[in-house]
Structures are given as C-alpha cells and as structure tokens.
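S.K.: Here you go, one structure.
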Amino acid sequence: MSAVELNLDRLEPGSSALEFDTVLVREDQVLQGHAVPGFSVAVSGELEVDNLDQKILVYGTFSATREMLCDRSGEPFDLEYPVELEILVLRTPGRGSDADLGQEVGEDDNWVIHQPGGVVDLTDALLEAVVLEEPQHVVHPDHKHLGPLSAGEDGSTTPDEDEDEIDPRWAALKQLRDDESDDSGPVRN
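Residues in the sequence shown are numbered from 28 upward in steps of one, following our numbering.
See the structure below:
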C-alpha cells in the first residue's frame, strides 16, 4: 500500500504543490457490527499546500479511479471522478497536551491534523474524500443512452426493444392518433 505524505520539516514558506500518482488501499473494516468491504483506488493530481507559519492548508481537486458496478447492468468497470479535499495541519498542539495530537474531522467537515513536525500521512483523508465524493448513481458510459433493460433467464440484462412507456397524461392523445390512422377516409361532419 502506498501513502501520500507531507514532510512538515522540509516544507518551504508560502505556497507549493504536492503531486501524487499512486494506488491507495482501504482495508476491510467492521463498523457498528457491520462488515464494510475495502477497496483500492488510483489517485493522481496536484494539491496546493499553503504554509502559513503555525498552520498548513492542503487543498484542491484530484482524480480518483475505482472499480464500480454499473447500476443498469451490474457489470464492473473503472470509473474516474474528481474529488475535492481540504486538510488543515496545525503545528501547535490542539488541546494543550501531547495526548491530544492526532487527526480529527473539523466542524466544517474538513480534516484537522495536529502535528508540530515530521511527516504527516494524508492517506486517510484522501480515502475518506474518495468515498464521500463517490457518485450516487453509477452508469457505465456505454449504457447511458440505452433504453430500459430486461433480465434474461440466465440473469444477463439486455435493452428492451419495446416502445417506451407513455406518460398517462398523453395516453388520450395517443389514442386519438391511433384512431385517426384506423380511419380510411376524411372525417366528415
């Protein structure tokens, strides 16, 4: 497993860039008695790092590529999507003692890390951001313009060949059109 790290002792004053292109792995977990499967994700991009004396702000948008299942077909495919991230590293102890040093999520859902020096591991923050930015409705690009899907006897899915279902509000108009096409001559009053 690779990690994305920031060395606070070698950080230049002002703004700089943190470039990365790696694969991160989140292990299987048990949360509140429920098994949560792990995953691996390819992350790449460049984050801005602002060294502001006693605090460092790491922010920006990077790219995540993960294997997902298509909601329409159930087939796995690699989905690439943008992920926004903001991390605040405070060089001074947060709550007055060394026991309070560590990572936390701030009130505004940004990561806050209390660490006076050394190497800061940003991997957990990146993995959390990847999960939070994951699209809710995932459809393979080849399936976006297909009509409704039908399940076959073997469980495979194929596009329906039937005409799309008509909105009930238009059903009466369709009936008029069908009735007109059944008449062979002009309508007389």
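All C-beta atoms, glycine included, are put in the ideal place defined by N, C-alpha and C.
Quick one: measure Cβ to Cβ for residue 83 and residue 38, integer angstroms, because I've assumed they're closer than 8 Å.
M.R.: Within the sequence shown, numbered from 1, the residue matching residue 83 stands at position 56. Within the sequence shown, numbered from 1, the residue matching residue 38 stands at position 11. The pair is a contact, with the Cβ atoms about 7 Å apart (cut-off 8 Å).
S.K.: Could you tell me the alpha carbon to alpha carbon distance between residue 203 and residue 53, rounded to whole angstroms?
M.R.: What you label residue 203 is simply residue 176 of the sequence shown in a count that begins at 1. What you label residue 53 is simply residue 26 of the sequence shown in a count that begins at 1. Looking at the two C-alpha atoms, the distance is approximately 59 Å.
S.K.: Are three or more beta carbon pairs between the stretch 39-52 and the stretch 98-114 nearer than 8 Å?
M.R.: Because the criterion of three Cβ pairs below 8 Å is not met, the stretch 39-52 and the stretch 98-114 do not touch.
S.K.: Can you tell me whether residue 157 is buried or exposed? The criterion is at least 16 other CB atoms within 10 Å of its CB, across all chains shown.
M.R.: In the sequence shown, the residue the question calls residue 157 occupies position 130. With 16 or more Cβ atoms within 10 Å of its Cβ, residue 157 is classed as buried.
S.K.: So what does residue 43 bridge to, in DSSP terms?
M.R.: As a first step, residue 43 must be located in the sequence shown, where it is residue number 16. Bridge partners of residue 43: 76.
S.K.: Does the separation of the CB atoms of residue 31 and residue 150 fall below 7 Å?
M.R.: For the purposes of this step, residue 31 is identified with residue 4 of the sequence shown, where counting begins at 1. For the purposes of this step, residue 150 is identified with residue 123 of the sequence shown, where counting begins at 1. Contact: yes.
S.K.: If the criterion is Cβ atoms closer than 7 Å, does the pair residue 65 and residue 55 meet it?
M.R.: As a working mapping, residue 65 is identified with position 38 in the sequence shown. As a working mapping, residue 55 is identified with position 28 in the sequence shown. Contact flag set, yes.
S.K.: If you draw a straight line from the alpha carbon of residue 97 to that of residue 161, how long is it in whole angstroms?
M.R.: The sequence position of residue 97 within the sequence shown is 70, counting from 1. The sequence position of residue 161 within the sequence shown is 134, counting from 1. So the two alpha carbons sit approximately 13 Å from each other.
S.K.: Along the alpha helix (DSSP H) that carries residue 151, what are the first and last residues, could you check?
M.R.: Taking the sequence shown and counting its residues from 1, one reaches residue 151 at position 124. Counting along the chain, the alpha helix (DSSP H) containing residue 151 begins and ends at 150-159.
S.K.: Note the first and the last residue of the continuous beta strand (DSSP E) segment covering residue 61.
M.R.: Position 34 of the sequence shown, counted from the start, is the residue given in the question as residue 61. Element bounds for residue 61: 61-63.
S.K.: Please classify residue 81: is it buried, with 16 or more other beta-carbons within 10 angstroms of its beta-carbon, or exposed?
M.R.: Taking the sequence shown and counting its residues from 1, one reaches residue 81 at position 54. That one is exposed.
S.K.: What is the DSSP secondary structure of residue 102, counted as helix, strand or coil?
M.R.: Reading the sequence shown from its first residue, position 75 is the one you call residue 102. The answer is coil: DSSP assigns residue 102 none of H, G, I, E or B.
S.K.: Please say whether residue 139 and residue 159 have beta carbons closer to each other than 7 Å?
M.R.: If you number the sequence shown from 1, residue 159 lands on position 132. If you number the sequence shown from 1, residue 139 lands on position 112. Taking 7 Å as the Cβ cut-off, residue 159 and residue 139 do not qualify as a contacting pair.
S.K.: Whole angstroms are fine: how far does the CA of residue 34 sit from the CA of residue 143?
M.R.: On the sequence shown, residue 143 is found 116 positions in, with the first residue counted as 1. On the sequence shown, residue 34 is found 7 positions in, with the first residue counted as 1. Looking at the two C-alpha atoms, the distance is approximately 11 Å.
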